[in-house]
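For reference, each letter of the sequence shown is one residue, going 2 to 601 in my numbering. No residue lacks a Cβ here, since even glycine has one placed at the ideal position from N, Cα and C. Reviewing the structure listed below.
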Amino acid sequence: IANMAPEYGATMGFFPVDDVTLNYLRQTGRPESGVQLVERYCKEQGLFRTDDGPSLNYTKTLSLDLGTVEPSLAGPKRPQDRIALAAMKSSFKESLTAPVGKTGFGLKSDELSRTGTIQDNGHSSQIGHGAVVIAAITSCTNTSNPSVMIGAGLLAKKAAARGLKVASHVKTSLAPGSRVVTEYLDKSGLTEPLKELGFHTVGYGCTTCIGNSGPLPAPVAAAIESGDLVASAVLSGNRNFEGRVNPLTKANYLASPPLVVAYALAGTTDIDLVNEPLGKDGDGKDVYLKEIWPSAEEIQETIRTSIDPEMFVSQYAEAVKGNELWNAIEAAEGAIYPWSDESTYIHHPPFLDQVTGAEVPSIGPIKGARCLVLLGDSVTTDHISPAGAIATDGPAGRFLQECGVPVKEFNSFGSRRGNDLVMVRGTFANIRIRNQLASGTEGGVTRYLPTGEVTSIYEASMKYQDDGTPLVVLAGAEYGTGSSRDWAAKGTMLLGVKAVIAASYERIHRSNLVGMGVLPLEFAEGQTWQSLGLTGEESFDITDLSDDLKPRSTIKVSATADDGSVTTFDCVVRIDTPVELQYYRDGGILPTVLRNLAQA
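Okay, here's the thing in structure tokens:
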């Protein structure tokens with residue numbers, strides 16, 4: 002819950018320390034002196050919770066009846082879209098024909114029966130919409146939680162005992178949260194049944210959730226592409242924004258590790274796991290999920306007999322020693338980092354290049370700006386700055402190939418976020434983003450308005466910068482929702498965008514835009530670029546910008562069409578505090594820090 006704070010609009014999620022916390026510290030091998038220090042400190046600071054402690058006053062309180070909690074998934078495009086397990090089949094069917102957007106794929110009725118044929122070693126099989134092609138127990142969110150990991154292992158054990166198998170089109174993987182997880186799965190005898198179902202340990206760290214699932218088997222990929230299928234991934238990760246998990250899985254569902262195993266067995270998300278069988282056992286008898294779902298008592302007993310503090314002590318003591326490749330890396334020493342022009346992972350960024358002294362620049366108007374991208378509602382930070390796979394035919398992929406990097410070593414945008422030359426080329430390059438300036442397209446393309454040429458967003462932005470033309474982004478509601486990805490703001494700034502005009506913002510992304518010197522403007526309540534009749538082809542002037550600018554003030558924006566007609570509308574300046582105003586005046590938080598150091 003704390004990990005996913007950005008998804009519910011918070012900077013952090015806080016849980017008070019209590020006896021359960023202390024028991025966890027003991028269970029994971031922390032010394033008793035350290036546990037006692039935590040207890041004493043938290044009590045002195047008022048951070049320790051007891052049943053008989055003083056009641057706290059909150060601005061807002063939400064009540065949850067724990068009796069109403071039920072098994073759920075989230076998807077197919079956003080982590081906040083919860084679906085009860087019992088409603089999963091109907092929800093998936095509805096998403097197929099719903100308009101393209103937050104949950105829909107926009108299929109027509111005659112497209113629902115499409116199938117793809119998998120041809121593999123002389124055998125052929127059919128898959129349709131909803132086929133689970135990735136089932137991954139992955140990510141930091143769930144794979145350090147003994148209850149769900151043991152639960153997944155027990156479910157696998159019972160399924161294997163009944164003779165259930167995972168279909169060949171499902172790519173399975175297991176990425177434990179630590180080597181301790183591997184040790185207690187081994188000790189409890191659950192590693193083998195997981196392997197029997199295909200859940201082999203592939204590594205420790207970010208995998209499928211961040212787009213590191215690797216390619217699908219060629220026959221499966223060909224079947225999806227030939228049938229133009231809405232294929233599914235089910236993963237125990239924490240985020241499932243469009244284009245993030247795998248380019249070929251349009252429907253991506255977040256689930257607990259036991260449910261990942263269940264959907265791997267089912268082979269499809271077009272199923273009601275509450276009322277329909279997972280499959281048949283060796284005797285041809287239907288097997289239902291409820292028959293093999295482990296009880297809470299089974300899980301707790303396995304935890305009690307399989308996990309002890311010494312596991313954590315021994316594993317963490319050897320954590321660094323065991324990796325020869327890591328230990329062989331030569332690291333530079335010294336007070337400052339020695340930048341290398343040869344590296345495609347770490348590059349000297351240009352964020353401070355405009356700072357020439359301690360003198361603070363003036364705030365000035367934005368004139369003659371053109372629209373780089375025209376977007377709808379719920380554009381996520383994954384749409385703006387994807388973290389997953391790097392497309393070979395996109396600007397970032399072409400750049401890496403020009404640098405001599407073979408395609409198999411592209412890695413991901415997330416792994417190359419230390420290189421601005423890669424990341425700026427990946428900004429607005431999500432394969433599922435829909436820029437309405439280039440209607441009918443999907444992916445990181447736009448129109449270079451002076452000529453009408455359709456080109457990549459990066460290449461168009463470079464042409465505008467060569468022309469000396471400032472840029473704006475027009476968007477709908479919930480702009481910047483999702484992960485608190487700083488590169489969504491950094492990349493926007495590096496493309497030459499001076500202002501974003503949206504119907505509303507996700508709080509953290511709005512703050513990040515200001516932190517990079519990009520002006521966030523908000524349409525007046527009830528207005529959108531659509532209601533104002535804007536097409537994105539206009540020339541935009543924001544002339545009310547000066548050193549007299551105030552936080553959350555209202556200013557006018559003028560949009561001049563090709564025929565000379567002018568649409569003038571009000572916007573709220575979403576610089577919310579005096580400190581943010583200083584960041585914007587300086588050109589961002591980094592120049593502010595540098596100027597403060599220069600004046601110290």
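Whole-angstrom distance between residue j and residue i, CA atom to CA atom
i      : j      : result
Tyr185 : Pro194 : 14 Å
Ser237 : Val406 : 32 Å
Leu48  : Ser114 : 56 Å
Asp421 : Pro396 : 13 Å
Ile151 : Lys286 : 26 Å
Thr544 : Lys557 : 8 Å
Pro351 : Ile385 : 20 Å
Phe15  : Asn4   : 10 Å
Gly389 : Asp229 : 21 Å
Gly419 : Val425 : 11 Å
Ala318 : Leu598 : 40 Å
Val423 : Arg511 : 23 Å
Thr529 : Asp571 : 11 Å
Trp294 : Ala87  : 15 Å
Tyr254 : Arg245 : 12 Å
His130 : Leu108 : 11 Å
Met200 : Ser227 : Correcting the residue type first, residue 200 is Phe in the shown sequence and not Met. The straight-line gap from Cα to Cα measures roughly 28 Å.
Asp111 : Leu279 : 28 Å
Leu472 : Lys499 : 6 Å
Ala132 : Pro579 : 52 Å
Ser125 : Cys141 : 37 Å
Leu550 : Leu376 : 27 Å
Gly76  : Ala252 : 7 Å
Thr250 : Ala222 : 10 Å
Gln531 : Arg448 : 19 Å
Gly154 : Glu71  : 21 Å
Trp340 : His348 : 7 Å
Ala176 : Leu450 : 46 Å
Thr208 : Thr442 : 29 Å
Presumed contact (8 Å Cβ cut-off) between residue i and residue j, rounded CB distance
i      : j      : result
Leu546 : Gly365 : 6 Å
Gln28  : Ile272 : With 8 Å as the limit, Gln28 and Ile272 do not qualify as a contact, their Cβ atoms being about 37 Å apart.
Ile119 : His170 : 6 Å
Pro362 : Gly589 : That belief does not hold up - the Cβ atoms of Pro362 and Gly589 are roughly 11 Å apart, past 8 Å.
Phe414 : Val374 : Not really, about 18 Å apart at Cβ, beyond 8 Å.
Asp20  : Phe242 : Actually they are not in contact, since the Cβ atoms of Asp20 and Phe242 sit about 37 Å apart, beyond 8 Å.
Glu479 : Glu507 : 6 Å
Val181 : Gln301 : Not a contact, Cβ separation roughly 18 Å.
Beta-bridge partners of residue i, as assigned by DSSP
i      : result
Glu454 : Tyr449
Asp342 : According to DSSP, which records beta bridges pairwise, Asp342 is partnered with nothing at all.
Arg83  : Ala75
Thr209 : Note: Thr209 sits in no beta bridge, so no partner.
Tyr585 : None, per the DSSP bridge assignment.
Ile432 : Looking at the DSSP assignment, Ile432 forms no beta bridge with any residue, so it has no partner.
Asp549 : Partner(s): none; Asp549 has no beta bridge.
Gln1   : Residue 1 lies beyond the stretch modelled for the chain, which goes from 2 to 601, so this question has no answer here.
Ser1   : The displayed coordinates of the chain run from 2 to 601. Any statement about residue 1 would go beyond what the structure contains.
Cys404 : Beta-bridge pairing links Cys404 to no other residue.
Ile2   : In DSSP, Ile2 forms no bridge with anything.
Tyr254 : Val235
Ala265 : None; Ala265 has no bridge partner.
Cys372 : Val473
Lys281 : Asp287
Ala390 : Ser413
Val101 : Gly105
Phe49  : Val18
Thr142 : The partner list for Thr142 (beta bridge, DSSP) is empty, contrary to what the question assumes.
Thr381 : Thr482
Alpha helix (DSSP H) segment containing residue i, residue limits
i      : result
Asn24  : Asp20 to Gln28
Glu45  : Glu33 to Glu45
Ile151 : Pro147 to Ala162
Asn597 : Ile590 to Gln600
Leu422 : Asp421 to Gly427
Thr98  : Met89 to Thr98
Arg180 : Arg180 to Lys188
Leu195 : Thr192 to Glu197
Glu226 : Ala219 to Gly228
Delimiting residues of the beta strand (DSSP E) encompassing residue i
i      : result
His124 : His124 to Gly129
Val567 : Val567 to Val574
Leu175 : Lys172 to Leu175
Ile138 : Val133 to Ile138
Min CB distance residue i to chain C below 8 Å
i      : result
Asn253 : The displayed structure is made up of one protein chain only, and chain C is not part of it.
Whole alpha helix (DSSP H) runs in the stretch 286–370 with 4 or more residues, listed along the chain?
290–293, 297–307, 310–318 and 325–329
Can you check the stretch 475–541 for any beta strand (DSSP E) of at least 3 residues that lies completely inside it and give the ranges in chain order?
Taken in chain order, the unbroken stretches of beta strand (DSSP E) that lie wholly in the stretch 475–541 and span 3 residues or more are 498–503 and 520–524.
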